[in-house]
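One structure is given below, encoded as structure tokens.
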Amino acid sequence: MGLARILANYYRFSKQTEINLQFAEFQTLVRSINFGKDLPEAVYLHKSALQHTPPELQAFVGKLTKALKIEDRHWDLIKLFKRDFKLSLLSYPDFFTYPYPSLKASYSIDLTKKTQRVATYEDSDNPPILHRRELFLDPNSPQRDEFASYTHEGEVIGLYDNTRVIGTKLGWLRAIRKSGHILDAEGRLLPLSLTKSSLSRDAKDDDTILRHKTAISRAQLSVPMFSLVNSGYINGSYTILDYGCGKGDDLRELQAHNIDCMGWDPVFRPDTELTPCDIVNLGYVINVIDDIDERRETLKLALKLAEKLLVVSAMLGNESVFQRYTPYKDGVLTKAKTFQKYYYQSELKEFIERTLNREAIAVGAGLFYVFTDKAEEQKYLSEKQRTKINWRQITSRPRQESTAKISKSKIEENKDLLRDFWYACLDLGRPATNDEFDHSDQLRHLFGSHQAALGICEEEFDQTDFTESQSIRKGDLLVYLALDHFGKRDTYSRMPDRLRRDIKYHFQRYQNARAQARELLFAVSNVEMISKACVEALELLPAAYLSEAHGLTFQTRFLNLCPSILRVYIGCALQLYGEIDNVNLIKVHIQSGKVTLMAYDGFESEAIPRLKERIKIKMREQDIDFFDYVYEYRPQPLLMKSKFMAADEAGYAIQAAFDEELHQILREDLDQGQDDEHVSAERLDFLLRDHKIKLKGHSIIRD
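First residue of the sequence shown? That's 337 in my numbering, and the numbers climb one at a time after it.
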């Protein structure tokens, strides 16, 4: 199976094969290449880009392939090693026709030993997969933008966050399924649809059946369990108890992924011996218990079993829901003669906190986390505020004369080690400590200390990146601590070590950090400062829309790029609601102290997405209004979607062209001063009929 089925053979060069290039010259030629996929150990290029490399290198590769009888049609990429006298030729026949081509064969050539290793992957179930095709081409290649659009699709849904698991076919497909997506025939990433063809137990397509038996997706897991997936808790490091597991659907899915889990249910699994676990899920249990004392006892017992985290969820309702059923005790009796206690979001939070005497952190509608391990709680909360930056795109600046007492040759020989340490410091926003860098012993042996190594890095790389990383991390910490203060937490004594180091480095003393965070928190009540921050956000964010009548609207994924005061303003609102993984747009109401969250059907793919759910969080009243559009209501269309899209976002150009054409047709009909997203479905239908046009995808068809 998998890579074990690679067929590999080793060959020695024939005596007639001459190497007419010295290693030092080869190394100089390789290091002179300033494009392609540049990694610490090698440069990768498509063979079409070789023409832009030094002529000596082109001639050498041509003579070598001819001498070794490797035909041009048998390879597509070349890997040129920087520190070894080696190169590899890689065969990706589908490079130009499929976004994620599989490796068919490789020729690994050792010019020192005069050997070549030929490996074929034709019969492999799990061949290596190529990503980011645009990087291998000449910078002026016309295909780069098209190839980059495929890469961007994966970046948006986080497929490149952990590159170690996506290098092979099975790992790549597993990551896609885990994200709730599938690949279509053209290699586009599409959200996993809950269609009969994809979920039917009678499906005859073995591949389809396998996909949905093994994928962690919204189609397979309950909302509470899927929230744990999104929060990084379903990774094999935590034991899980599903307390009130029903028929065990969640358990079967977790066990398929070798997660250490157990379940108990009074009807279906009454004989399970209850033992404490890291995480306990009490999923939609308390809302079916009609005795309020039993409800409280169930909640307390679940907490005792949770060594790190208790997840509590219950059904939410409103007046229209209550009116459909017969009142019974503090809930209702359904038509099926079952009891249901429907909560308001704030009511459920209060019930959990009063029963357990612990804070309940809102994660979603009717979903709360209660931490029994305070260090785990602080880790969870601080990570939510960490701004994600890919520092690996850094390139070395021109070499300056070093002031360090370390020889240039020693620095060059250990450049990769220094670069790894530099990345670690950039990720942290401060110098990495001994236990925060895997190769600390080697680094200190070579350069004396982390501080000395950092000094060298600041000369070798761009110091402004380190300054920026420090500023970003300090801002993240202030937002986190301000929201901590809003939640009435005082947690310095229970913080993880890394968080303590962050605070000490950036603020010297916890009291200093707390004072600055408190000042930031109090500023959110200042309407003028919020208004100024919204204007500032227009400059900072890749895309946003500011309306005097309705406030600032932007994509959820841009939240951590906002000014700190807006992040705190929205963060306070989200402490009432929870996570926003399924929300597309956030709207900040400047004057009224409200935040609106909007989720759309087809936001990523449709020219005019339709509003699926709207959540209005009223901070002054500490209340939430939920509006969904799945029954008798016609969902509102979102017009002019491109104004919320970044210019480099996949699909932006075609969306902007569509929006401009539609705007030219409808501009005189739309109400002046009204945001485009507030046009009703009925109004849009009327305007389309009136102008005798129809919409098909991103095309406007005139009758």
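Where is the CB? At the ideal position from N, CA and C, for every residue including glycine.
Backbone CA spacing between residue i and residue j [nearest angstrom]
{"i": "Leu669", "j": "Asp1005", "result": "49 Å"}
{"i": "His1027", "j": "Leu876", "result": "38 Å"}
{"i": "Ala698", "j": "Gly653", "result": "16 Å"}
{"i": "Leu814", "j": "Ala849", "result": "7 Å"}
{"i": "Thr487", "j": "Arg513", "result": "17 Å"}
{"i": "Arg845", "j": "Ser807", "result": "17 Å"}
{"i": "Ser941", "j": "Ala989", "result": "13 Å"}
{"i": "Asp763", "j": "Asp481", "result": "28 Å"}
{"i": "Arg837", "j": "Glu749", "result": "31 Å"}
{"i": "Pro945", "j": "Leu1020", "result": "13 Å"}
{"i": "Asp461", "j": "Leu400", "result": "31 Å"}
{"i": "Ala638", "j": "Gln958", "result": "28 Å"}
{"i": "Gly811", "j": "Ser805", "result": "10 Å"}
{"i": "Glu516", "j": "Phe562", "result": "According to the sequence provided, residue 516 is Gly. The question's Glu does not apply to it. Their Cα atoms are separated by approximately 11 Å."}
{"i": "Gly507", "j": "Ile1037", "result": "43 Å"}
{"i": "Ala818", "j": "Arg854", "result": "6 Å"}
{"i": "Val904", "j": "Gln799", "result": "29 Å"}
{"i": "Thr448", "j": "Gly1033", "result": "57 Å"}
{"i": "Phe963", "j": "Glu949", "result": "6 Å"}
{"i": "Asp984", "j": "Leu897", "result": "16 Å"}
{"i": "Pro734", "j": "Glu589", "result": "Any reading at Pro734 needs caution, since the residue's pLDDT is 44, under 50, leaving its predicted position unreliable; the model's value is listed next. Cα to Cα, the separation comes out at about 53 Å."}
{"i": "Arg1003", "j": "Lys1030", "result": "16 Å"}
{"i": "Glu794", "j": "Ala395", "result": "38 Å"}
{"i": "Ala360", "j": "Asp752", "result": "19 Å"}
Anticipated Cβ contact below 8 Å, residue i with residue j, distance rounded
{"i": "Val624", "j": "Phe675", "result": "6 Å"}
{"i": "Tyr436", "j": "Leu466", "result": "7 Å"}
{"i": "Tyr678", "j": "Gly667", "result": "7 Å"}
{"i": "Lys418", "j": "Ala378", "result": "6 Å"}
{"i": "Asp412", "j": "Ser427", "result": "6 Å"}
{"i": "Lys314", "j": "Ala701", "result": "Any property of residue 314 remains undetermined from this structure, which presents the chain solely from 337 to 1039."}
{"i": "Ile615", "j": "Val565", "result": "Contact doesn't hold; Cβ gap of about 12 Å is too wide."}
Cβ pair residue i, residue j closer than 7 Å
{"i": "Val863", "j": "Leu888", "result": "no"}
{"i": "Tyr913", "j": "Lys979", "result": "no"}
{"i": "Leu439", "j": "Pro464", "result": "yes"}
{"i": "Leu641", "j": "Pro606", "result": "no"}
{"i": "Cys597", "j": "Ile576", "result": "yes"}
{"i": "Leu974", "j": "Tyr936", "result": "yes"}
{"i": "Asp1049", "j": "Gly599", "result": "Missing from the structure shown is residue 1049; the chain here goes from 337 to 1039 and no further."}
{"i": "Leu365", "j": "Leu393", "result": "yes"}
{"i": "Ala909", "j": "Met976", "result": "no"}
{"i": "Pro318", "j": "Ala982", "result": "For residue 318 there is no data in the structure shown, the boundaries of the chain being 337 and 1039."}
{"i": "Ala986", "j": "Glu489", "result": "yes"}
{"i": "Gln927", "j": "Leu947", "result": "no"}
{"i": "Leu779", "j": "Phe757", "result": "yes"}
{"i": "Met831", "j": "Gln911", "result": "no"}
{"i": "Asn617", "j": "Pro560", "result": "yes"}
{"i": "Ile866", "j": "Thr892", "result": "no"}
{"i": "Phe472", "j": "His382", "result": "yes"}
Residue(s) in a DSSP beta bridge with residue i
{"i": "Gly667", "result": "Tyr664"}
{"i": "Trp600", "result": "Tyr579"}
{"i": "Gln891", "result": "Leu921"}
{"i": "His382", "result": "Leu413"}
{"i": "Arg480", "result": "Answer by DSSP bridge pairing: none, since Arg480 is not bridged."}
{"i": "Ser427", "result": "Ala441"}
{"i": "Phe675", "result": "Leu669"}
{"i": "Asp446", "result": "Lys422, Thr451"}
{"i": "Leu519", "result": "Leu525"}
{"i": "Leu618", "result": "Val648"}
{"i": "Phe704", "result": "Val648, Ala698"}
Buried versus exposed call for residue i [16 or more other C-beta atoms within 10 Å across all chains shown]
{"i": "Val706", "result": "buried"}
{"i": "Tyr664", "result": "exposed"}
{"i": "Ala455", "result": "buried"}
{"i": "Val603", "result": "exposed"}
{"i": "Thr708", "result": "buried"}
{"i": "His786", "result": "buried"}
{"i": "Ser649", "result": "buried"}
{"i": "Ile595", "result": "buried"}
{"i": "His781", "result": "exposed"}
{"i": "Gly572", "result": "exposed"}
{"i": "Ser1016", "result": "exposed"}
{"i": "Pro478", "result": "exposed"}
{"i": "Thr499", "result": "exposed"}
{"i": "Leu874", "result": "exposed"}
Closer than 6 Å: residue i CB and nearest the ligand SAM heavy atom
{"i": "Arg956", "result": "The ligand SAM is absent from the structure shown, which contains no ligand whatsoever."}
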